[in-house]
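Visitor: Before I ask anything, here is the structure I am working with.
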Amino acid sequence: METYRTSGVCSRTIDFEVENNIVTHVKFNGGCMGNTQGVAKLAEGRPVDEVISLLEGIQCRAGTSCPDQLARALKEYKANH
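Take the sequence shown: its letters are residues 0 to 80, numbered as in numbering that gives the first Met the number 0.
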């Protein structure tokens with residue numbers, strides 16, 4: 000399980016798992032529960048690059064959003080694995 004500390008959004012952290020380049024689990028800690036649960040469910044089962052492509056750049060406040068933060072978390076994961 001990976002944990003990404005978010006910045007500029009209501010959620011505090013994102014816990015996620017990747018297996019064979021597929022996002023298998025996502026959990027936002029904090030934030031708007033309905034929205035973050037929806038984003039998590041839509042991301043699970045998709046390739047990492049597809050999730051990044053779909054979510055990167057979505058803005059809510061401060062030039063980012065919870066979906067954008069997930070994309071950033073996955074990009075950081077890719078850079079380190």
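Beta carbons are placed, not taken as given, at the ideal position from N, Cα and C, and that holds for glycine.
All values reported here derive from a predicted model rather than from experimental measurement.
Run through DSSP, which three-state label would E75 get?
Guide: It is helical.
Visitor: Just to confirm the assignment, what range does the alpha helix (DSSP H) spanning E49 have?
Guide: Looking at the DSSP string, the run of the alpha helix (DSSP H) that includes E49 is V47 to L54.
Visitor: Shortest alpha-carbon distance to F15 belongs to which of T2, E49, D67 and S6?
Guide: Of T2, E49, D67 and S6, the residue nearest in Cα terms is T2.
Visitor: In its own chain, which residues sit with a C-beta less than 8 Å from the C-beta of V38, not counting the 5 before and 5 after it?
Guide: Counting only Cβ-Cβ distances below 8 Å, and skipping sequence neighbours, we find V25, F27, L54, C65, P66 and L69.
Visitor: Given that a residue counts as buried once 16 or more other Cβ atoms are within 10 Å of its Cβ, and exposed if not, what is T35?
Guide: By the neighbour-count rule (16 or more Cβ atoms within 10 Å), T35 is buried.
Visitor: Just to confirm the assignment, what range does the beta strand (DSSP E) spanning G29 have?
Guide: From DSSP, the beta strand (DSSP E) with G29 extends over I21 to G29.
Visitor: Thinking just about the alpha-carbon of each residue, which of G29, N20 and M0 is nearest to the one in E85?
Guide: As shown, the chain starts at 0 and ends at 80. That puts residue 85 outside it, with no answer to give.
Visitor: In this structure, how does DSSP classify V17 when only helix, strand and coil are distinguished?
Guide: Three-state DSSP puts V17 in a strand.
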